[in-house]
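Participant:
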Amino acid sequence: MNIGLRKINFGVISVVMFIISPFIALIALIAKLFKVDIHNLDPLKKRGPYSSYLVSKWLGNSGSAQHNRTFSIFLMPSLATFSLFVIYTFINGVYLSMTNWNGLNTGHELFVGLSNYVSMFNDYGFVYSLYKTILYSLLNIFAINIVAFFLAMLVTQNLKLKNLYRAGFFLPNLIGGLVLGYIWQFIFNRAVTSLGGSFATSLLVSGDTALLGLIIVVTWQYAGYIMMIYIAALQNVPQDLIEASKIDGANAYQRLRTIIMPLVAQAFTVSMFLTLVTSFKQYDTVMSLTNGGPGTLLPQWIASLFGLSALPAVSSNNLIALNIYQEAFSRYQLGVGQAKAIVFFIFLLSVSLLQVYYNKRKEVEL
Amino acid sequence: MKKLIVLVMALLIVSSLTACTKKVEKTLVIFQNKVEINDVLTTYATAWGLANDVTVEVKTCGGDSCAYGTQILAEFQAERQPDIFVIEGMGGYNVYDEKIMEFGTDAWISNTDLEFKVEGKVFGFPVAVEGWGMAYNKTILDAAGVDIEALKDVSQAEYKEAFDKIQAYYDANGMADYAVVSMAAASGMYWVTGLHNFNGYLSAGLEYSDNSVITDLNNGIVDEERLAQLADWFELLKTYGDQAVLTTGTYDDQVGKFADGKAAFLHQGNWTDSSYAASDFEMGYLPHATMATGNDSIFIGAPSYYVINKDSEMTDVAKAFLEDLAATTAGHDYMVNQAHMVPAFNSVTLVPSTPLSASVMAWNQSGKAYAWWQNDMPSGFGMDTLGPVYELFAKGTTTKAEFIAQIKAAIEGLK
Chain A
10 MNIGLRKINF GVISVVMFII SPFIALIALI AKLFKVDIHN LDPLKKRGPY
60 SSYLVSKWLG NSGSAQHNRT FSIFLMPSLA TFSLFVIYTF INGVYLSMTN
110 WNGLNTGHEL FVGLSNYVSM FNDYGFVYSL YKTILYSLLN IFAINIVAFF
160 LAMLVTQNLK LKNLYRAGFF LPNLIGGLVL GYIWQFIFNR AVTSLGGSFA
210 TSLLVSGDTA LLGLIIVVTW QYAGYIMMIY IAALQNVPQD LIEASKIDGA
260 NAYQRLRTII MPLVAQAFTV SMFLTLVTSF KQYDTVMSLT NGGPGTLLPQ
310 WIASLFGLSA LPAVSSNNLI ALNIYQEAFS RYQLGVGQAK AIVFFIFLLS
360 VSLLQVYYNK RKEVEL
Chain B
0 MKKLIVLVMA LLIVSSLTAC TKKVEKTLVI FQNKVEINDV LTTYATAWGL
50 ANDVTVEVKT CGGDSCAYGT QILAEFQAER QPDIFVIEGM GGYNVYDEKI
100 MEFGTDAWIS NTDLEFKVEG KVFGFPVAVE GWGMAYNKTI LDAAGVDIEA
150 LKDVSQAEYK EAFDKIQAYY DANGMADYAV VSMAAASGMY WVTGLHNFNG
200 YLSAGLEYSD NSVITDLNNG IVDEERLAQL ADWFELLKTY GDQAVLTTGT
250 YDDQVGKFAD GKAAFLHQGN WTDSSYAASD FEMGYLPHAT MATGNDSIFI
300 GAPSYYVINK DSEMTDVAKA FLEDLAATTA GHDYMVNQAH MVPAFNSVTL
350 VPSTPLSASV MAWNQSGKAY AWWQNDMPSG FGMDTLGPVY ELFAKGTTTK
400 AEFIAQIKAA IEGLK
């Protein structure tokens with residue numbers, strides 16, 4: 010609790026400094042022009058409430074004012090780059106999402122208000138992408154975390170060669186997602202199908218099973234990385250608690266449920282967050298594995314939302330990042346693409362904040 | 000030491016003087032986008048420049064390392080703008096139309112059918128042509144007893160008959176891993192279906208300049224009769240196609256099947272020529288039978304055009320350069336033998352050494368060409384919208400009626 014308060018304090022102070030510091034620097038500069046040395050103002054002289062705050066905390070020669078001034082000056086370079094590359098870019102992005110920008114009419118794009126946002130939700134392809142991304146992310150988070158936790162439990166047992174296993178499970182994570190997609194495309198389409206029988210049809214052919222193929226690939230790639238986080242957490246579980254529970258007669262399941270799980274809850278928070286964000290942002294592997302495809306029919310319930318009588322064809326693994334890319338760079342609707350990116354940003358931000366909030370509540374501290 | 004400094008100073012002064020006195024030469028700047036022809040084009044251009052008393056400078060920007068579309072904007076801001084640059088059809092024209100000069104009545108225009116025209120005025124010189132049709136393996140067709148000449152003006156029924164003959168020949172000789180057609184419709188290959196195959200709907204059976212169907216499409220109007228014939232044609236292709244290549248094949252799978260001599264027909268263009276170094280059979284092009292009857296041409300177009308900068312002071316030289324490229328034997332030699340391109344000009348008698356390019360050139364010179372309209376569809380429509388529709392039909396998820404209905408709905412959505 011104490012730590013939490015201090016964190017908040019620090020956060021508030023940073024934000025205040027963040028806003029105030031440019032003004033202080035400006036005041037100091039102007040004062041220089043008028044030959045007033047603000048740094049020698051007497052902090053003890055009687056003033057009104059606002060100016061006494063300014064002098065004692067920012068302008069005078071008291072210790073805290075000097076400290077604050079130094080702080081803000083040192084903040085400047087990073088603040089400048091942060092404003093240029095994050096704040097300005099973000100605001101400009103929000104603006105462009107409300108224009109008909111197509112990449113060629115830069116400078117004379119027309120402001121179209123919220124119509125890009127409206128058109129996005131009138132597009133069944135985007136709604137389908139959103140639905141498919143949520144479905145994929147849910148399944149993927151479960152698959153990766155379960156596999157990773159299981160692997161971590163496995164390689165923290167007393168095994169011979171356990172370091173070799175750890176390295177082996179981690180290794181796929183070192184292969185780039187694009188390369189991996191092409192390798193697994195070959196495995197699914199050529200190697201597995203050559204087994205014949207019920208394997209004769211590749212997973213990637215049907216729109217219903219291609220998502221499963223993608224989850225297999227991504228789990229194979231990412232579980233080793235998440236496993237490392239779980240290993241670190243598992244190794245931090247105090248052995249005396251385990252021993253005590255053994256003496257009390259707890260079986261393996263009880264130990265896992267009541268001792269290990271709560272104590273590695275912090276690792277769950279981190280891992281769930283990482284898998285959540287990477288799942289939603291999935292682009293490279295799905296691009297190389299199936300190029301967003303294979304084609305499939307739009308689900309009936311989405312079609313009826315849009316009042317379509319005949320089911321149109323859509324790309325089944327067209328996850329949202331891919332959909333945004335196509336909107337922007339293959340249909341040249343950069344404004345609409347930007348609007349989609351903003352919606353995606355807000356959506357992902359709120360989902361991940363919720364996730365962290367709920368996971369945090371499950372954490373225990375010793 | 001002092002002497003050395005004096006000497007160096009003297010040399011510097013002399014060299015700077017000569018630099019000053021050097022008379023300002025005429026320089027023609029060509030800014031082009033094909034990295035692979037940079038060297039041969041420079042050689043040709045230098046030789047041409049020597050003969051015509053100008054300096055020709057070739058600047059190249061393309062491939063993965065240089066974005067031509069971005070760099071050209073920078074070139075226009077520079078003091079020395081390029082005199083000749085490249086556009087890739089209507090999209091590029093719309094961006095640079097203020098910079099592009101009309102050609103007027105240059106001689107090369109009567110020598111080609113592929114000049115770039117807007118509202119009847121000629122603006123672009125075709126760099127090269129590419130084409131696609133049904134590439135055939137002569138060895139298999141001969142062995143199966145299919146008459147190639149008879150298929151040069153072809154109906155869907157005649158193709159079906161030929162496909163059946165080939166399949167019967169495979170069955171009789173136990174050639175189980177041979178395919179009649181190598182066709183790909185999987186998600187990485189949507190350009191083959193959504194652009195190339197669908198272009199048949201836009202241009203098959205029409206005059207080369209007839210843009211009525213594409214104009215209708217962009218206004219959301221469907222030609223149901225043509226669409227039904229296209230569906231019949233694609234159904235024929237997928238029925239006789241290799242199923243693995245059709246549903247999961249990559250470009251390498253599709254072309255490899257044909258290059259290995261294990262497919263009688265290939266649904267691809269002449270850019271696949273580089274894959275046939277080890278192929279030991281004769282090949283050529285036959286028309287797509289997009290329409291039920293009377294298909295006598297293959298799809299030929301120019302993917303890029305040279306255009307002349309309106310603000311250039313060298314427009315006459317630029318025109319002469321392009322004219323000589325189209326009219327002289329040196330120009331023909333450069334295009335065909337050095338740059339390995341298919342020239343768009345009917346007067347060229349040199350034959351490309353690669354088989355499919357040679358076939359495209361023959362079809363083009365005999366005037367048997369259907370146009371390319373696929374790039375005039377809205378961006379992304381062919382691949383992102385039509386691609387999945389084709390794939391579902393290819394896999395058998397949808398019926399032919401649903402295929403037609405989906406394409407119809409997609410086109411009507413363009414209104």
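Which chain is which? The protein sequence lines are A and B, in order. Taking the numbering used here, I'd label the letters of the first sequence as residues 10 to 375. Taking the numbering used here, I'd label the letters of the second sequence as residues 0 to 414. C-beta: ideal position from N, C-alpha, C; glycine also.
Just to confirm my understanding: we take I196 of chain A, look at its own chain, exclude 5 residues before and 5 after, and list those with CB closer than 7 Å. What are they?
Facilitator: The answer is none, since no qualifying residue turns up.
Participant: How far does the alpha helix (DSSP H) with Q155 of chain B in it extend, from its first residue to its last?
Facilitator: Q155 of chain B -> alpha helix (DSSP H) spans Q155 to N172.
Participant: Kindly examine the ligand COA and report whether one of its heavy atoms sits closer than 7 Å to the Cβ of N149 of chain A.
Facilitator: Looking for the ligand COA in the displayed structure turns up nothing, as the structure carries no ligands at all.
Participant: Determine the closest residue to W193 of chain A out of A:Q166, A:G206 and A:S211, with distance taken between C-alpha atoms.
Facilitator: Residue A:S211 is the option with its Cα nearest to W193 of chain A.
Participant: Could you give the C-beta distance for Y137 of chain A and L307 of chain A, rounded to a whole number, given that I count them as a contact under 8 Å?
Facilitator: At roughly 6 Å, the Cβ-Cβ gap stays under 8 Å, so Y137 of chain A and L307 of chain A are in contact.
Participant: So, at 8 Å on beta carbons, what are the nonlocal neighbours of P303 of chain A in its own chain, with the 5 sequence-adjacent residues on each side left out?
Facilitator: These residues qualify, in order along the chain: L213, V214, S215, G216, A219, S324, S325 and N326.
Participant: For a contact defined as C-beta to C-beta under 8 Å, what are the partners of E223 of chain B on chain A?
Facilitator: Neighbours of E223 of chain B on chain A: none; closest Cβ ~15 Å, over 8 Å.
Participant: Could you check what DSSP says for L306 of chain A in three-state terms: helix, strand or coil?
Facilitator: L306 of chain A: strand per DSSP, three-state reduction.
Participant: Take the Cβ of T69 of chain B as the centre, count every other Cβ of all protein chains shown within 10 Å, and call the residue buried at 16 or more, exposed below.
Facilitator: It counts as exposed.
Participant: Quick check on the DSSP output: what are the complete beta strand (DSSP E) runs of length 3 or more inside the stretch 266 to 337 of chain B, in order along the chain?
Facilitator: If we require 3 residues or more, the beta strand (DSSP E) runs fully inside the stretch 266 to 337 of chain B come out as 282 to 285, 297 to 300 and 304 to 307.
Participant: Counting along the chain, where does the beta strand (DSSP E) carrying E56 of chain B start and finish?
Facilitator: Its beta strand (DSSP E) spans residues T54 to T59.
Participant: Quick one: is Y262 of chain A buried, meaning 16 or more other Cβ sit within 10 Å of its Cβ, or exposed?
Facilitator: Exposed is the call here.
Participant: So is R78 of chain A buried or exposed if we call it buried at 16+ other beta carbons inside 10 Å?
Facilitator: Answer is buried; the Cβ neighbour count reaches 16.
Participant: Using the Cα positions of T138 of chain B and E281 of chain B, report the straight-line distance between them to the nearest angstrom.
Facilitator: Approximately 7 Å, taken between the alpha carbons.
Participant: Suppose you measure from the CA of G233 of chain A to the CA of A161 of chain A; what does that come to, to the nearest Å?
Facilitator: Whole-angstrom Cα-Cα distance: 9 Å.
Participant: Do S303 of chain B and D82 of chain B have their C-beta atoms closer together than 8 Å?
Facilitator: No, the pair does not count as a contact, with Cβ atoms beyond the cut-off.
Participant: Between which two residues does the beta strand (DSSP E) containing E129 of chain B stretch?
Facilitator: From DSSP, the beta strand (DSSP E) with E129 of chain B extends over E129 to N136.
Participant: For chain B, is any of its Cβ atoms less than 8 Å away from the one on A200 of chain A?
Facilitator: Closer than 8 Å: no.
Participant: With DSSP as the reference, label K169 of chain A as helix, strand or coil.
Facilitator: Residue state, collapsed to three classes: coil.
Participant: For M107 of chain A, count the other beta carbons within 10 Å of its own beta carbon; 16 or more makes it buried, fewer makes it exposed. Which is it?
Facilitator: Buried, by the Cβ-count rule.
Participant: Closest Cβ-Cβ distance between Q335 of chain A and chain B: below 8 Å?
Facilitator: Taking Cβ atoms only, chain B reaches closer than 8 Å to Q335 of chain A, which makes this a yes.
Participant: Can you name the start and end residues of the alpha helix (DSSP H) that S356 of chain B belongs to?
Facilitator: Per DSSP, S356 of chain B belongs to the alpha helix (DSSP H) from P354 to Q364.
Participant: Measure from the C-beta of G302 of chain A to each C-beta in chain B and report whether the shortest distance is under 8 Å.
Facilitator: Answer yes: the Cβ-Cβ gap between G302 of chain A and chain B drops below 8 Å somewhere.
Participant: Closest Cβ-Cβ distance between S378 of chain B and chain A: below 8 Å?
Facilitator: Interface residue, yes.
Participant: Between G346 of chain A and I355 of chain A, is the Cβ-Cβ spacing less than 8 Å?
Facilitator: Their beta carbons are not under 8 Å apart, which means G346 of chain A does not touch I355 of chain A by this criterion.
Participant: Establish whether the CB of V136 of chain A and some CB of chain B are separated by less than 8 Å.
Facilitator: No - not a single Cβ of chain B is within 8 Å of the one on V136 of chain A.
Participant: Going along the chain, which residues of its own chain have a beta-carbon closer than 8 Å to the beta-carbon of G293 of chain B, five neighbours each way excluded?
Facilitator: Around G293 of chain B: D152, S154 and G204.
Participant: DSSP three-state label for G123 of chain B, please.
Facilitator: In this structure, G123 of chain B counts as strand in the three-state DSSP scheme.
Participant: Report back the beta-carbon spacing between K256 of chain B and S186 of chain B to the nearest angstrom; my notes put them in contact at under 8 Å.
Facilitator: Between S186 of chain B and K256 of chain B the Cβ distance is about 19 Å, and since that is not below 8 Å, they are no contact.
Participant: Whose C-beta lies closer than 8 Å to the C-beta of W372 of chain B among residues of the same chain, with five residues either side of it excluded?
Facilitator: Cβ within range, chain order: N198, L201, S202, N210, V212 and I213.
Participant: Throw me the rounded Cβ distance for the W47 of chain B and F320 of chain B pair, which I believe falls under 8 Å.
Facilitator: Rounded, the Cβ-Cβ distance is 6 Å, consistent with contact.
Participant: Check the Cβ of L363 of chain A against every Cβ in chain E and list those closer than 9 Å, keeping chain order.
Facilitator: Going by chain labels, chain E is absent from the structure shown, which instead holds the protein chains A and B.
Participant: Of all Cβ atoms in chain A, is any one closer than 8 Å to the Cβ of A66 of chain B?
Facilitator: Judged by the 8 Å Cβ criterion, A66 of chain B is not in contact with chain A.
Participant: Using a C-beta cutoff of 8 Å, does V373 of chain A count as contacting chain B?
Facilitator: False, the Cβ-Cβ gap to chain B never drops below 8 Å.
Participant: Thinking K237 of chain B and A393 of chain B are a contact (beta carbons under 8 Å), I'd like their distance in whole angstroms, please.
Facilitator: About 5 Å; that satisfies the 8 Å criterion.
Participant: With a cut-off of 8 Å, does the C-beta of A319 of chain A fall near any C-beta of chain B?
Facilitator: Interface residue, yes.
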